[in-house]
Structure formats: C-alpha cells, structure tokens
Amino acid sequence: MSVHFALLGNPTGHSPAPRMWNGLFARAGVEWRYAAHDVRPGELGFWVDVLRCGTLSGAHVTMPLKAQAADAADVRDADVERAGVANWLALEHDELTARNLDVAAARALIGERRFEQALVLGAGGAARGLLTALAGACDAVAIVSDDAEGAAALARQANGWFAAAAARPWQQLGALAARSDLIVNATPLGMAGRDEPSPLAAAELRPGARLYDLVYRPDGSATPLQAAALEAGAEVVDGLAHFEAQAVASLPHVGLAPALAGDVTPAVARLAGRAGRRWRG
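Just so you know, we're using this note's numbering here: the sequence shown kicks off at 16 and counts up by one.
Right, dumping it as structure tokens:
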C-alpha cells in the first residue's frame, strides 16, 4: 500500500518539510512520499475525508487551519485539549486523532529553564501551542496582538496556567519587552516576502533575555526581530530549530525509527544553509 503524508496550510511553498521528509524516507529505505498543499479554511474537510479513508497516512497542519484540525478530530491528545489547536492529524485505530507537536517541540527546546515574565506576540494557534508548552515553566505572561479580542480571549484561557496572564496593547510592546526575560514571536512577522521592520529594537530588549521565534526563512537568513535580538546579545531559538524539534517529535507518528533523529538537523542545514539557532545555556 502506498504511504503518503502531507503538509496542509496556507502558505506552504516556503516550507522545507517535503524535501526534508522525502530525504528521511530515502535514508530509511522506504518509498513513502510527503507533499505540501495550500489549503484554504473552507477546504480542510476534503483532506479530513482523505485521511479518514486512509489515502493519506498523516498530515502536518499549519496556519490558518490548526483550530479547525482540532475540531475535526474524533480523539485529541491532552495538549490539543488544552490548547484547542492541533498540527498533526492521522487515523489511529479507526479514529481521526489530533496531536499538537508544536507543544512537544517547544517543551524539548525549553527544557528545564524557568522564566519570570514572558511577552508573547500573537494570539493564534501558534501562540496557544507555545503557551501550553510554557505552562509550569513561566510565572507570568503578557499577550500582545493586533487582534485585541483574540489576545483577551487567550489571556482568559491561559489565566489558570500561570500566576498571571494578561492581554496588553501593541503600543506597550517596548515597555513590556524591557521587563520580560522571554519573548515569543508566534506571528508571521519576518517571514520571507514580508518587509516589516523588527517590532522591537535591540535597545528595547532586557539584558539576558531570550527569544523564541517560530519564523524561519528558506534561505536561513535571520528575520529583523532575530537580528535585533542577536545584536542585543540575546540567545535565540529560531523557527528552523523549532522545525527540527517538531520533526523529531513527529518521527514515531510517521512510522520512522527514533534513531533517525540525528539526521534531522543535518537535513535541515543542507536545505537552509545552516542548522537552527538554539539557546546555549
């Protein structure tokens, strides 16, 4: 039987996922295939049907479909139940199962570190996943988004996960950054093809702060926010590192051996020209 996997979202053309996964399949000696498909919100139902009939063995789901993916599933893992979003769908024991491998990736990269104050940019599915991963590792969070209602709703949802969680206006971004030891970018700011300047200048970052930025560029170049953080001497986890960690978390779900984890970072480095940036200390 043919084994096919997919990346579903919009846009997907920038993603190295198909080339990386097809390379890993070749390395494992299996004739499986992985492809990316641009899918608009109203089109996810078709792909759910494809998954349910077994034509597609599993799918990674990216923006703007993560909440719909969670709603479409019969079974949701604990992280999906908490976050309300999913980025992996597959048929397991005849039930469409949703998982959030963003959460698993972020937990792996955060490790045992603890934070006093996090500033989270964004209020969508990626932000929900990162906040789920930070629960228990951070005391307080401030959420800033151009979607003020979404930020307020996410703050209410996260209030039980942290000592304090609040939505703040975008105009307070610099002041919030100055007192945050962790900054999370869970927005598309900095994606290739977007010309926005960094939302924060290097001088606005607190000494010793860390940045966790979910964005990556196919050519491996730093986004304006990542460049500002590096200029300030901040340690950075970038979108390539998150992509690598998510791929490692995906291995058992696509049916590959854990031993292939060591091949993920070199594969990404070949595609992007470098490996992902990770925190050192």
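Positions of the beta carbon are idealized from the N, C-alpha and C atoms, including for glycine.
Bridge partner(s) assigned by DSSP for residue i
i: Gln-14; result: Lying before the first or after the last residue shown, residue 14 is absent from the chain, which here runs from 16 to 296.
i: Asp-228; result: Asn-200
i: Asp-53; result: Gly-24
i: Arg-48; result: His-19
i: Leu-124; result: Beta-bridge pairing links Leu-124 to no other residue.
i: Glu-250; result: Arg-225
i: Ala-113; result: Arg-91, Leu-104
Pairwise C-alpha distance: residue j and residue i
i: Asp-94; j: Asn-115; result: 6 angstroms
i: Arg-289; j: Ala-237; result: 11 angstroms
i: Ala-119; j: Ala-148; result: 7 angstroms
i: Ala-155; j: Ala-217; result: 23 angstroms
i: Ala-249; j: Gly-223; result: 6 angstroms
i: Trp-185; j: Leu-215; result: 11 angstroms
i: Gly-126; j: Trp-294; result: 10 angstroms
i: Asp-196; j: Glu-46; result: 45 angstroms
i: Asp-53; j: Val-269; result: 21 angstroms
i: Gly-296; j: Gln-261; result: 21 angstroms
i: Leu-271; j: Ala-32; result: 15 angstroms
i: Ala-180; j: Ala-256; result: 26 angstroms
i: Ala-243; j: Ser-213; result: 7 angstroms
i: Leu-169; j: Ala-182; result: 8 angstroms
i: Arg-285; j: Ala-178; result: 42 angstroms
i: Arg-292; j: Ala-123; result: 14 angstroms
Collapsed DSSP secondary structure at residue i in the structure displayed
i: Phe-20; result: strand
i: Gly-73; result: strand
i: Ala-268; result: Just to set this straight, residue 268 is His in the shown sequence, not Ala. In the structure shown, His-268 sits in a helix (DSSP, three-state: H, G or I).
i: Val-100; result: coil
i: Thr-147; result: helix
i: Arg-171; result: helix
i: Arg-183; result: strand
i: Pro-233; result: coil
i: Phe-61; result: helix
i: Phe-177; result: coil
i: Glu-211; result: coil
i: Trp-36; result: helix
i: Asp-162; result: coil
i: Thr-280; result: helix
i: Arg-289; result: coil
Meets three-Cβ-pair contact criterion under 8 angstroms: the stretch 163 to 178 and the stretch 199 to 211: no
Sufficient close CB pairs (3 or more, under 8 angstroms) joining the stretch 153 to 169 to the stretch 129 to 143: Touching, yes.
Any 3 or more C-beta pairs closer than 8 angstroms across the stretch 98 to 110 and the stretch 271 to 286: Flag = no, the stretch 98 to 110 and the stretch 271 to 286 do not touch.
Three CB pairs or more closer than 8 angstroms across the stretch 18 to 29 and the stretch 48 to 67: yes
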